[in-house]
């Protein structure tokens with residue numbers, strides 16, 4: 124169960140566990156009882172794409188092991204940025220070949236490349252986005268009951 128941070132109008136900052144479905148719901152302050160709003164997380168946990176031998180990435184107190192883990196994390200981030208940069212360059216190249224097209228006109232091909240979206244596919248895309256937008260709006264209006 125995730126732990127969320129909250130800030131009360133009285134100035135108290137506190138943490139409280141909760142279900143993801145109730146993540147946006149205010150919590151009562153332990154000091155004054157007022158509703159406290161959830162804060163943006165100060166830290167986020169995640170998984171790195173490259174295997175690390177030994178303990179999970181954290182400060183182990185062993186300098187050589189920590190330096191190794193830092194290098195692995197750095198290499199993983201560098202590799203991720205290269206992939207991102209290459210994809211941005213691919214999109215720019217397709218747009219350069221098609222004057223008047225915008226990023227809104229791009230679609231991904233089955234092989235992972237990019238092309239300009241055919242006009243008949245544009246209508247399907249627009250309808251799908253409209254349906255998704257309505258669904259998200261409806262979900263935001265539904266108040267979770269008893270944390271379910």
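In my numbering, the protein residues as written are 124 to 271.
Don't be surprised by glycine CBs; every beta carbon is placed ideally from N, CA and C.
Just so it is clear, the structure is predicted and the values come from calculations on it, not from any experiment.
- Residues 152, 153, 154, 155, 159 of the same chain have their beta carbon placed closer than 8 Å to that of residue 135, with the five preceding and five following residues left out of the count.
- Counting other Cβ atoms within 10 Å of its Cβ, residue 247 stays below 16 and is therefore classed as exposed.
- For residue 144, the number of other beta carbons within 10 angstroms of its own is below 16, and it is reported as exposed.
- In this chain, the alpha helix (DSSP H) harbouring residue 263 covers 242–264.
- Per the DSSP secondary-structure output, residue 160 pairs in a beta bridge with 130.
- If you keep only unbroken alpha helix (DSSP H) runs of at least 4 residues inside the segment 181–242, you get 186–220.
- Taking C-beta atoms as the reference points, residue 230 and residue 240 count as a pair closer than 8 Å.
- Beta-bridge partners of residue 139 (DSSP): 127.
- Counting only residues of its own chain and dropping the five nearest sequence neighbours on each side, residue 217 has a CB closer than 6 Å to the CB of 237.
- Rounded to the nearest whole angstrom, the CA to CA distance from residue 209 to residue 150 is 44 Å.
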